[in-house]
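Working notes, beginning with the structure itself.
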Amino acid sequence: MLSLQHLLKTSRSLAIHHHTTRNLVLAAKPALSTRSRSLHSSRAVRREDPFVNILADETPPPVQVSSITNGGIQLADGLILPSSCIFLEGKVFLWDVPTTLWKDWTKDHFEVFEVVVPKPEILLLGTGKLISQPPPFIREHLNQMGIQLDVMDTRNACSTYNLLSEEGRRVAAALLPLRPTSWQKASTTGPK
Numbered sequence: 515m516l517s518l519q520h521l522l523k524t525s526r527s528l529a530i531h532h533h534t535t536r537n538l539v540l541a542a543k544p545a546l547s548t549r550s551r552s553l554h555s556s557r558a559v560r561r562e563d564p565f566v567n568i569l570a571d572e573t574p575p576p577v578q579v580s581s582i583t584n585g586g587i588q589l590a591d592g593l594i595l596p597s598s599c600i601f602l603e604g605k606v607f608l609w610d611v612p613t614t615l616w617k618d619w620t621k622d623h624f625e626v627f628e629v630v631v632p633k634p635e636i637l638l639l640g641t642g643k644l645i646s647q648p649p650p651f652i653r654e655h656l657n658q659m660g661i662q663l664d665v666m667d668t669r670n671a672c673s674t675y676n677l678l679s680e681e682g683r684r685v686a687a688a689l690l691p692l693r694p695t696s697w698q699k700a701s702t703t704g705p706k
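Residue numbers (the numbering used here): 515 to 706.
And the structure:
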């Protein structure tokens, strides 16, 4: 028969063994690390992760914004767009709009969305440094085409565009630069 002392001694050694084993298991787990995230994509962060999403498409979206400055919008491929632009179906279009926000704007400034098929689900409208709601006729015009309009400052519009395009959503962005710039049209005369 086991003595009470023997049982207490055995249970103490089991408790110590359990406590030591638990600490070793906890020490074996890797510490959480903080990684900086870039504006243009979260894919660089995912590559360092030991887990792989087998359903994810490895090809990045064709248009991704890496940074926004007073000089323009810089794409992930290094191209800098100094003036207003539209991202649509993986393509970039320069966008000739008035420099004064909402003054002299018409439905014609959004006519590209009338002809594109399939139409984007969402149009992110980046209005420069600050959020400025467009006149109601612009929202109504886009809604009649089945396009949801989300208005935000250009920095947030670019970040949201990057995220939604990575998710494979049908998203478009109409972006105004942080500092309004006028369009420079090419001259029609040849070289001298």
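By construction, the Cβ of each residue, glycine as well, lies at the ideal position given by its N, Cα and C atoms.
Hey, how far is the Cα of residue i from the Cα of residue j?
{"i": "Ala-688", "j": "Ser-598", "result": "8 Å"}
{"i": "Asp-618", "j": "Glu-628", "result": "20 Å"}
{"i": "Lys-643", "j": "Trp-616", "result": "15 Å"}
{"i": "Thr-548", "j": "Ala-686", "result": "Annotation note: pLDDT 40 at Thr-548 (below 50); position unreliable, coordinate value reported separately. The straight-line gap from Cα to Cα measures roughly 31 Å."}
{"i": "Arg-551", "j": "Arg-653", "result": "For Arg-551, the predicted structure reports a pLDDT of 41, less than 50, and the residue's modelled location is therefore unreliable. The matter cannot be settled from this model."}
{"i": "Leu-637", "j": "Phe-624", "result": "11 Å"}
{"i": "Ile-587", "j": "Gly-660", "result": "28 Å"}
{"i": "Val-559", "j": "Leu-678", "result": "At Val-559 the pLDDT is 42, less than 50, meaning the model places this residue with poor confidence and gives no usable figure here."}
{"i": "Pro-544", "j": "Leu-692", "result": "Interpretation of Pro-544 is limited by its pLDDT of 43, a score under 50 that renders its predicted location unreliable; the figure taken from the coordinates is listed afterwards. Approximately 42 Å between the Cα atoms of the pair."}
{"i": "Arg-684", "j": "Glu-635", "result": "5 Å"}
{"i": "His-655", "j": "Gly-585", "result": "31 Å"}
{"i": "Ala-590", "j": "Met-666", "result": "21 Å"}
{"i": "Asn-670", "j": "Ile-645", "result": "10 Å"}
{"i": "Cys-672", "j": "Phe-651", "result": "24 Å"}
{"i": "Gly-592", "j": "Leu-608", "result": "16 Å"}
{"i": "Gly-682", "j": "Ile-594", "result": "24 Å"}
{"i": "Val-481", "j": "Ser-581", "result": "Beyond the ends of the chain as shown, which are 515 and 706, falls residue 481; an answer cannot be given."}
For chain C, check one thing: does any of its Cβ atoms lie closer than 8 Å to the Cβ of residue i?
{"i": "Glu-680", "result": "In the displayed structure, chain C is absent; only one protein chain is listed."}
Would you kindly check if the distance between the Cβ of residue j and the Cβ of residue i is under 8 Å?
{"i": "Ile-600", "j": "Val-626", "result": "yes"}
{"i": "Thr-695", "j": "Thr-668", "result": "no"}
{"i": "Leu-639", "j": "Leu-663", "result": "yes"}
Assuming residue i and residue j are in contact, meaning their beta carbons sit under 8 Å apart, how far apart are those beta carbons, in whole angstroms?
{"i": "Val-579", "j": "Tyr-675", "result": "7 Å"}
{"i": "Pro-576", "j": "Glu-680", "result": "Pro-576 to Glu-680, Cβ: 12 Å. No contact."}
Cα-Cα, which of the options is closest to residue i?
{"i": "Lys-621", "options": "Asn-657, Pro-575, Thr-583, Ser-646", "result": "Asn-657"}
{"i": "Lys-633", "options": "Glu-603, Pro-648, Leu-692, Gly-585", "result": "Glu-603"}
{"i": "Thr-614", "options": "Pro-648, Ser-581, Lys-605, Ser-673", "result": "Pro-648"}
{"i": "Pro-596", "options": "Lys-605, Thr-583, Ser-646", "result": "Thr-583"}
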